[in-house]
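K.L.:
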Amino acid sequence: MSTNSEPLVIRDDMIRLGQALKLANVVEDGVDARDVISAGDIQVNGETETRRGRQLFANDVITVPELDVDLIIETQ
Numbered sequence: 027m028s029t030n031s032e033p034l035v036i037r038d039d040m041i042r043l044g045q046a047l048k049l050a051n052v053v054e055d056g057v058d059a060r061d062v063i064s065a066g067d068i069q070v071n072g073e074t075e076t077r078r079g080r081q082l083f084a085n086d087v088i089t090v091p092e093l094d095v096d097l098i099i100e101t102q
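Throughout, this note's numbering is defined as the position within the sequence shown, counted from one, plus 26.
Okay, here's the thing in structure tokens:
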């Protein structure tokens, strides 16, 4: 886990990993998301994730080591 934790609030019950990274401004577009995820630079709930379409739900944690941040999925 990183030293910084930030909530990532979503409207629906689920969001895909690539969309979540765009929403959090970690990447600019889907191509960037694909590259970062496929390189193994993102973790979900402590495990490296390489699927851009991975479904995320409330309380899932996205770790972005390069930015030293954990994004915690929350629903409205």
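Beta carbons are placed, not taken as given, at the ideal position from N, Cα and C, and that holds for glycine.
Keeping to the same chain, check which residues put their C-beta closer than 7 Å to that of Thr76; ignore five residues upstream and five downstream.
P.N.:
Taking the first residue of the sequence shown as 1, we reach residue 76 at position 50. Only Ile63, Ser64, Gly66 meet the Cβ criterion.
K.L.:
Between the alpha carbons of Leu49 and Asp94, how many angstroms are there, rounded?
P.N.:
Position 23 of the sequence shown, counted from the first residue, corresponds to residue 49. Position 68 of the sequence shown, counted from the first residue, corresponds to residue 94. Going from the Cα of Leu49 to the Cα of Asp94 covers about 17 Å.
K.L.:
In this structure, does DSSP put Val57 in helix, strand or coil?
P.N.:
As a position in the sequence shown, residue 57 is number 31, starting the count at 1. It is helical.
K.L.:
Is the beta carbon of Glu54 less than 7 Å from the beta carbon of Leu97?
P.N.:
Here residue 54 corresponds to residue number 28 of the sequence shown, with the count starting at 1. Here residue 97 corresponds to residue number 71 of the sequence shown, with the count starting at 1. No, the Cβ-Cβ distance between Glu54 and Leu97 is not below 7 Å.
K.L.:
Quick one: give me the first and last residue of the alpha helix (DSSP H) that Gln45 is part of.
P.N.:
Here residue 45 refers to the residue found at position 19 when the sequence shown is read from its first residue. Counting along the chain, the alpha helix (DSSP H) containing Gln45 begins and ends at 43-49.
K.L.:
How about Leu34 and Arg78: are their beta carbons less than 7 Å apart?
P.N.:
Your numbering for residue 34 matches position 8 in the sequence shown. Your numbering for residue 78 matches position 52 in the sequence shown. For Leu34 and Arg78, no; Cβs fall outside 7 Å.
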